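All remarks here apply to the structure that follows.
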DNA sequence: CTTGACCTTCCAGTCACGGGAACCCTTATG
DNA sequence: CATAAGGGTTCCCGTGACTGGAAGGTCAAG
């Protein structure tokens, strides 16, 4: 299977697939002409990576999860630990973004948004308290 | 005012302040010995930038907001447009992160997290549907 | 034989800084 | 006077996870 077919099969851009190989997440075979040749196992890994990335896991987490996936003697506690830590990061981000959103939406509502220069948004940004 | 004092007055690291000068957001004076000398106006700009960055505005937005702040003939509609677009981005991120959190928290709850290898998290990541 | 669609590697850029090296300026102390 | 500490300066590299593009090899069709 060529890289474009692997791309279509996984939804990952070819560039991303090459990058994953470069950093050692996958190791596709090579044909005599130098082209990558993706076996089913590599395509499975790519799909796994695509799903993990879609859940926001970083590359390092993906590497660990991939290793655990391939380890028959793994403990589910190890997987859970990674997922739980990532969940905590996501929740922290949501908290931050929600605070930003609340402040901003209040400001946007308060701002007249007309041709006059008076603007509570700028007033808030430049306030000296 | 030296850079370390400007840093303390604004909460921004000295490195960040130098970076803001490098990209043209501020323009502090220079003393004879080459040291930066921050007048009140520059410190005000830095505080403005710190607040705008804390609300998640990108550097380009900060540049625009700073220009509008210094423009007496500005229209508040211009400010509002920037803030509204940024608000939409934040809300989109919150939506994405919330979806991730929901999926992940469900998986974490479902996973036994013990010594056994069976793990719904990995099962989901490797499922072929 | 040529065209066009693949594939390859390598280099540069993204965003908003942070770390660290190498070096200059000022002040205090032995 | 020498020196050490604690400012300041510039310059360059690294971050995460790719993305874009250039230069060039390979393959199938007409």
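Residue numbers (this note's numbering), protein chains in the order written: chain S, -16 to 112; chain R, -16 to 112. Backbone N, C-alpha and C fix where the C-beta goes; we use that ideal spot for every residue, glycine too. All values derive from a computational prediction rather than experimental measurement.
- Residue ranges of uninterrupted alpha helix (DSSP H) with 4 or more members, entirely inside the stretch -13 to 37 of chain S and ordered along the chain, are -3 to 5 and 23 to 37.
- Residue-level contact by beta carbon holds for residue 86(S) and chain R, with a gap shorter than 8 Å.
- Between the alpha carbons of residue 105(S) and residue 56(R) lies a distance of about 13 Å.
- Ranked by Cα distance from residue 85(S), the first of 29(R), 37(R) and 1(R) is 37(R).
- At a beta-carbon threshold of 7 Å, none of the residues of chain R lie near residue 36(S); the nearest stands roughly 10 Å away.
- Just measuring C-alpha positions, the residue of 99(R), -12(R) and -11(R) sitting nearest residue 52(S) is 99(R).
- One finds 66 in chain R with Cβ atoms closer than 7 Å to the Cβ of residue 90(S), taken in chain order.
- Nearest CB-CB separation between residue 8(S) and chain R: not below the 8 Å threshold.
- Annotation note: the stretch 37 to 100 of chain S contains no uninterrupted beta strand (DSSP E) run of length 3 or greater.
- Only residues of its own chain outside the window of five on either side were considered, and among them 39 have a CB closer than 7 Å to the CB of residue 73(R), listed in chain order.
- The Cβ atoms of residue 107(R) and residue 90(R) lie closer than 8 Å to each other.
- Distances from the alpha-carbon of residue 75(S) to those of 80(R), 10(R) and 71(R) put 80(R) closest.
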